[in-house]
Amino acid sequence: MKHTAKPPCHTARLLAAAALASFATLPAYAADPSPADLVDALNGVFGQHAGARGSHAKGFCARGSFTPSAHARTLTSARIFGAGTVPAEIRFSVAGGNPAASDKSRSARGLAVRLADGQETWDMVFISEPVFFAATPASFVSFLQARVADPATKKPDPAKIAAHNERFPEGKTQLALLAAHAAPSSYATTPYFSNHAFRFVGGEGGARFARLQFEPLAGTHYLSEDEEKTLPGEFLQDELGTRLAREAAAFDLYAQPAADGDALTDSSVQWSRTPAKVLLGRLTVTAVTGQDCAGSVYMPTQLPAGIEPSDDPVLKARAPAYAVSAARRAPR
Ligand code: HEM
Numbered sequence: 004m005k006h007t008a009k010p011p012c013h014t015a016r017l018l019a020a021a022a023l024a025s026f027a028t029l030p031a032y033a034a035d036p037s038p039a040d041l042v043d044a045l046n047g048v049f050g051q052h053a054g055a056r057g058s059h060a061k062g063f064c065a066r067g068s069f070t071p072s073a074h075a076r077t078l079t080s081a082r083i084f085g086a087g088t089v090p091a092e093i094r095f096s097v098a099g100g101n102p103a104a105s106d107k108s109r110s111a112r113g114l115a116v117r118l119a120d121g122q123e124t125w126d127m128v129f130i131s132e133p134v135f136f137a138a139t140p141a142s143f144v145s146f147l148q149a150r151v152a153d154p155a156t157k158k159p160d161p162a163k164i165a166a167h168n169e170r171f172p173e174g175k176t177q178l179a180l181l182a183a184h185a186a187p188s189s190y191a192t193t194p195y196f197s198n199h200a201f202r203f204v205g206g207e208g209g210a211r212f213a214r215l216q217f218e219p220l221a222g223t224h225y226l227s228e229d230e231e232k233t234l235p236g237e238f239l240q241d242e243l244g245t246r247l248a249r250e251a252a253a254f255d256l257y258a259q260p261a262a263d264g265d266a267l268t269d270s271s272v273q274w275s276r277t278p279a280k281v282l283l284g285r286l287t288v289t290a291v292t293g294q295d296c297a298g299s300v301y302m303p304t305q306l307p308a309g310i311e312p313s314d315d316p317v318l319k320a321r322a323p324a325y326a327v328s329a330a331r332r333a334p335r
């Protein structure tokens, strides 16, 4: 009997052609980008603005304090949890490299907190969503390169974004979370997450991996549809100043231990959240201080003894990239 191969169906042929066409629209990307490549990718989308951070360019500073909880010692021997209340240097920000970004934009908000007990410094550099948009530095660069505005339309090319999504589908998780709600109505009314896991050592029962999160005592509140339409693009700094004149804003810091199967090295994946959270302490924000921390560089791997970085490739890539950005924005 004569054998004839079954031709692929019309839809399969179309899908294969579309996939090939979309990959062809992506620029070549480095599988292992350098710290400068990472900042170049940010500058490529947002431009380079004098004195501004490569990402989270729009922001302001605040001060406050951190009071540890007795439960923290069950997880880690970090001495900062035995030091009583310590001062906190804080910076709130809007994600992205645009220093004029609207406070209403549906992008992540940032919280950087520096705690120093006189001997050690701990920087926490978190965002308002539980996951990051890239599992690896290569995915980070590809995500941004796909969003460089087309010179003709002045908008990102949808074909490049589709091609990126095929190559690195994890980017869609954070975008879906951001699209599901409006921007926070205050920096004091959104949670902030580490995304990465850290290894907590010296507590009871051996080392444990956990992610960190700040929970706002004021509750989580996003802009209403009406506020999204009517508020100006600048309101977050004034809102916090007015709020703090009435009372301090506070956040409880929790460690969320990993359950079996939770991804320890991929910050783009959500966790099951089954093990009980451990209260590590309370951050109290007392005053807005304008731009007095603008020159500070918060390093996500600046950790106290007793808290160690995980092998998350994104966490490993951050500090060297932040150093490049700091050098580019330093006064000359
Ligand atoms: C490969 C991944 C990442 C790269 C390349 C990157 C890059 C940068 C750069 C260049 C800056 C400006 C640093 C400076 O000039 O001081 C920055 C700031 C920031 N990033 Fe990232 N980032 C990454 C991942 C993340 C993740 C996973 C988070 C949150 C979980 C995050 C949160 C922030 C925040 C909150 C700031 C502002 C810090 C401040 O107020 O000074 N970033 N990032």
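Each residue of the sequence shown is one higher than the one before, starting from 4 at the first, in the numbering used here.
Even glycine gets a Cβ: it sits at the ideal position worked out from N, Cα and C.
So what's residue i in DSSP terms, helix, strand or just coil?
i: R321; result: helix
i: Q2; result: Nothing in the structure corresponds to residue 2, since the chain is present only between 4 and 335.
i: T79; result: strand
i: V272; result: coil
i: P316; result: helix
i: G293; result: strand
i: T223; result: coil
i: V288; result: strand
i: A330; result: helix
Would you give the residue range spanned by the alpha helix (DSSP H) that residue i belongs to?
i: Q148; result: P140 to Q148
i: F49; result: P38 to F49
i: L178; result: G174 to A182
Which residues bound the beta strand (DSSP E) around residue i?
i: H199; result: Y195 to F203
i: P90; result: V89 to V97
i: K280; result: Per DSSP, K280 belongs to no beta strand (DSSP E) and is neither H nor E.
i: G67; result: K61 to P71
i: E311; result: I310 to P312
Measure the C-alpha to C-alpha separation of residue i and residue j and round it to an integer number of angstroms.
i: F238; j: E231; result: 11 angstroms
i: V128; j: P172; result: 25 angstroms
i: A279; j: I83; result: 22 angstroms
i: T77; j: E169; result: 43 angstroms
i: T245; j: A252; result: 11 angstroms
i: A119; j: V89; result: 7 angstroms
i: D295; j: I164; result: 38 angstroms
i: R276; j: L215; result: 12 angstroms
i: R16; j: G99; result: Annotation note: pLDDT 48 at R16 (below 50); position unreliable, no value reported.
i: A266; j: Q273; result: 8 angstroms
Looking only at its own chain, which residues have a Cβ that is under 6 angstroms from the Cβ of residue i, when we skip the five neighbours before and after it?
i: D315; result: H199, T268 and S270
i: A320; result: P140
i: E207; result: T77
i: P307; result: A81, I83, E123 and W125
Quick one: residues in its chain with C-beta nearer than 8 angstroms to the C-beta of residue i, no 5 flanking neighbours on either side, listed in chain order?
i: G293; result: F63 and C64
i: S68; result: T88, V89, P90, A91, L286, T287 and T289
Near residue i, which residues of its chain fall below 7 angstroms by C-beta distance, leaving aside the five closest residues on each side in sequence?
i: T223; result: T192, T193 and P194
i: F135; result: Q177, N198, S270, S271 and V317
| Of all the beta strand (DSSP E) runs that stay within the bounds of the stretch 108 to 172, which reach a length of 3 or more residues? | For the stretch 108 to 172, whole beta strand (DSSP E) runs of length 3 or above, ordered along the chain, are 112 to 119 and 124 to 130.
| Start-end ranges of the beta strand (DSSP E) lying completely within the stretch 229 to 269, minimum 3 residues | Listed in chain order, they are 252 to 260.
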